[in-house]
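Colleague:
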Amino acid sequence: MSNIGPRSGGPTPRRSFTPAQKLAYLAAYQQACDDGTGGGAFLRREGLYSSQITEWRKLRDAGVLEGKKPGEKIGRPTADQAEIGRLRRQLEVSERKLARTEAALSIMEKARLLLEDISESAEQQPWYKKPCWPPTPP
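Residue numbers (my numbering): -12 to 125.
1. Please find out if some non-hydrogen atom of the ligand ATP comes closer than 6 Å to the beta-carbon of Glu110.
2. Do Pro64 and Ala49 have their C-beta atoms within less than 7 Å of each other?
3. How big is the Cα-Cα spacing for Met(-12) and Arg31?
4. If you follow the alpha helix (DSSP H) that Leu102 is part of, which residue opens it and which one closes it?
5. Three Cβ pairs or more, each shorter than 8 Å: is that satisfied between the stretch 35 to 44 and the stretch -1 to 19?
6. Tell me which residues share the same chain as Trp43 and place their Cβ nearer than 6 Å to its Cβ, disregarding the 5 neighbours each side in the sequence.
7. Tell me where the alpha helix (DSSP H) around Ser3 begins and ends.
8. Taking the beta carbon of Leu92 as the centre, do at least 16 other beta carbons fall within 10 Å, making it buried, or is it exposed?
9. Gly72 to Ala98, Cα distance in whole Å?
10. According to DSSP, is Tyr12 helix, strand or coil?
11. Have a look at Gln68 and Arg1 and give me their C-alpha separation to the nearest angstrom.
12. Using a 10 Å radius around the Cβ and a threshold of 16 neighbouring Cβ atoms, would you call Pro(-2) buried or exposed?
13. State the start and end residues of the unbroken alpha helix (DSSP H) segment that holds Arg63.
14. Run through DSSP, which three-state label would Trp120 get?
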């Protein structure tokens, strides 16, 4: 009987990544997402899972991956590192909301100026009759 199938050679050893590799994968994943080539395609090509990227982001944001030597244990972030990571993510969300709000206010200001220009040009037209309020009965 021949062994044909995905595990015909037996189980493969579990992959492990150094902190430098994790940071490199995170940068490449972000680049793939920004380029429009798609993060999913990058993950499939590299044989990674989105949960790994999520976990590595948390470790990176908490400052756990930086300054580690290859082969050095990473461990869990301390309470301070976890708080720093949480605050960094919260700051990023707030900055995105602020940028969106500023863009909306800019659009609203442009619309207001346009409506003022239209109103002023309409008042200058000879066919325009300024409405009187309250209306007088006929």
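All residues carry an ideal CB built from backbone N, CA and C; glycine is no exception. Quantities reported herein were computed from a predicted structural model and do not represent experimental measurements.
Modeller: Looking at the atomic coordinates:
1. Absent from the structure shown: the ligand ATP. Ligands present: none.
2. yes
3. With a pLDDT of only 48 at Met(-12), under the threshold of 50, the placement of this residue in the model should not be trusted, and no figure is reported.
4. According to the DSSP assignment, Leu102 belongs to the alpha helix (DSSP H) that extends over 66 to 110.
5. yes
6. Lys9, Leu13
7. Where Ser3 is concerned, there is no enclosing alpha helix (DSSP H), because DSSP gives it neither an H nor an E.
8. exposed
9. Rounded to the nearest angstrom, the two C-alpha atoms are 39 Å apart.
10. Note: Tyr12 maps to helix in three-state DSSP.
11. Per the coordinates, the alpha-carbon of Gln68 lies some 28 Å from the alpha-carbon of Arg1.
12. The residue is exposed, with fewer than 16 neighbouring Cβ atoms inside 10 Å.
13. Arg63 -> no alpha helix (DSSP H), and no H or E assigned at all.
14. coil
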